[in-house]
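One structure is given here, and the rest of the page talks about it.
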Amino acid sequence: MHMGISIATGDITCDGSCAIVNAANSSLMGGGGVDGAIHRAGGRTILDECRLIRSERYPDGLPTGQAVATTAGSMPSRYVIHTVGPIYPGCGTRCDDLLGECYTNSLKVACELGCGSIAFPAISTGIYGFPRERAARVAYKAVCSFLDREKSEIKVIFVFHSAADRQLFEQAVEGV
Ligand code: AR6
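Residue numbers (my numbering): 3 to 178.
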């Protein structure tokens, strides 16, 4: 495992990293899965900030692979970075690239905000149906490349909702 990366099991809304990443949809208006959990735990202010981002910067919605930040409301972290994962299998030949961009662009935003740590959920592997092992390898490679290329010291934590998902990730990235 890369020195800058660690792994945890649990609820990402309780994570104390400077930024936590939300697997949102392009509307930024909330939804199910981790998106629903983040909006519930963080409170109304996150939705208000998302509305402003939509009207000022993304009237047609946040494109897949892009990332934007809001504050984290009443959660322990400082920021939520909202990114939109690709929907599988409709993403076709661009699935891996788009998923990788979610991680890279979220890291960029976190670094711009001066964050020393960031927590990721397994983007696209729930409602959006991306195969988990393939997603694990794409996520891990994208994060490693960013850390090495940017010589970044940001601490990255992958938070899995279940021990089984965590184990699957660890096996998938072995030897990557
Ligand atoms: N903490 C950590 N991981 C979680 C949590 C949590 N509290 N809750 C779920 N997961 P998903 P997607 C895991 O469906 O596939 C929403 O409606 C979950 O087990 O949340 O990118 C959005 O609005 C899975 O491994 O996101 C979009 O419409 C991972 O988080 C759509 O779902 C991602 O599952 C996005 O779908």
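For each residue, glycine too, the CB sits at the ideal point set by N, CA and C.
**Message:** Here's the rule I'm using: 16 or more other beta-carbon atoms within 10 Å means buried, otherwise exposed. How should SER95 be labelled?
**Reply:** Here residue 95 is Thr; the residue named in the question, Ser, does not match the sequence. Result: exposed.
**Message:** Just to check my reading of the structure: ALA71 and ILE89 have Cβ atoms closer than 8 Å, yes? What is that Cβ distance to the nearest angstrom?
**Reply:** That pair is no contact at about 23 Å.
**Request:** Verify the contact flag: TYR130, CB atom, against every heavy atom of the ligand AR6, threshold strictly below 7 Å.
**Result:** Yes - the ligand AR6 has a heavy atom lying nearer than 7 Å to the Cβ of TYR130.
**Request:** Quick one: using the 10 Å Cβ neighbour count with 16 as the cut-off for buried, is PRO78 buried or exposed?
**Result:** exposed
**Message:** My parser needs the beta strand (DSSP E) runs of 3 or more residues fully inside the segment 70-136; what are they?
**Reply:** 81-86 and 119-122
**Prompt:** Looking at the unbroken beta strand (DSSP E) that takes in THR11, where does it start and where does it end?
**Reply:** 7-11
**Asked** Relative to the alpha-carbon of THR73, which residue among THR66, ALA43 and PRO65 has its alpha-carbon at the smallest distance?
**Response** ALA43
**Request:** Return helix, strand or coil for VAL178, following the three-state DSSP convention.
**Result:** coil
**Item:** Check whether VAL86 and PRO65 have beta carbons under 8 Å apart
**Value:** Yes; because the gap between Cβ atoms is below 8 Å, this pair is in contact.
**Asked** Would the beta-carbon of ASN107 be found less than 7 Å away from any heavy atom of the ligand AR6?
**Response** no
**Residue from LEU30, THR15 and GLY38 whose Cα sits closest to the Cα of LEU54** = LEU30
**Item:** Helix, strand or coil at ILE156 [DSSP, three-state]
**Value:** DSSP, reduced to helix, strand and coil, places ILE156 outside both helices and strands of the structure shown, so it counts as coil.
**Request:** Taking only the alpha-carbon atoms, compute the straight-line gap between TYR81 and TYR105 and give it to the nearest angstrom.
**Result:** 15 Å
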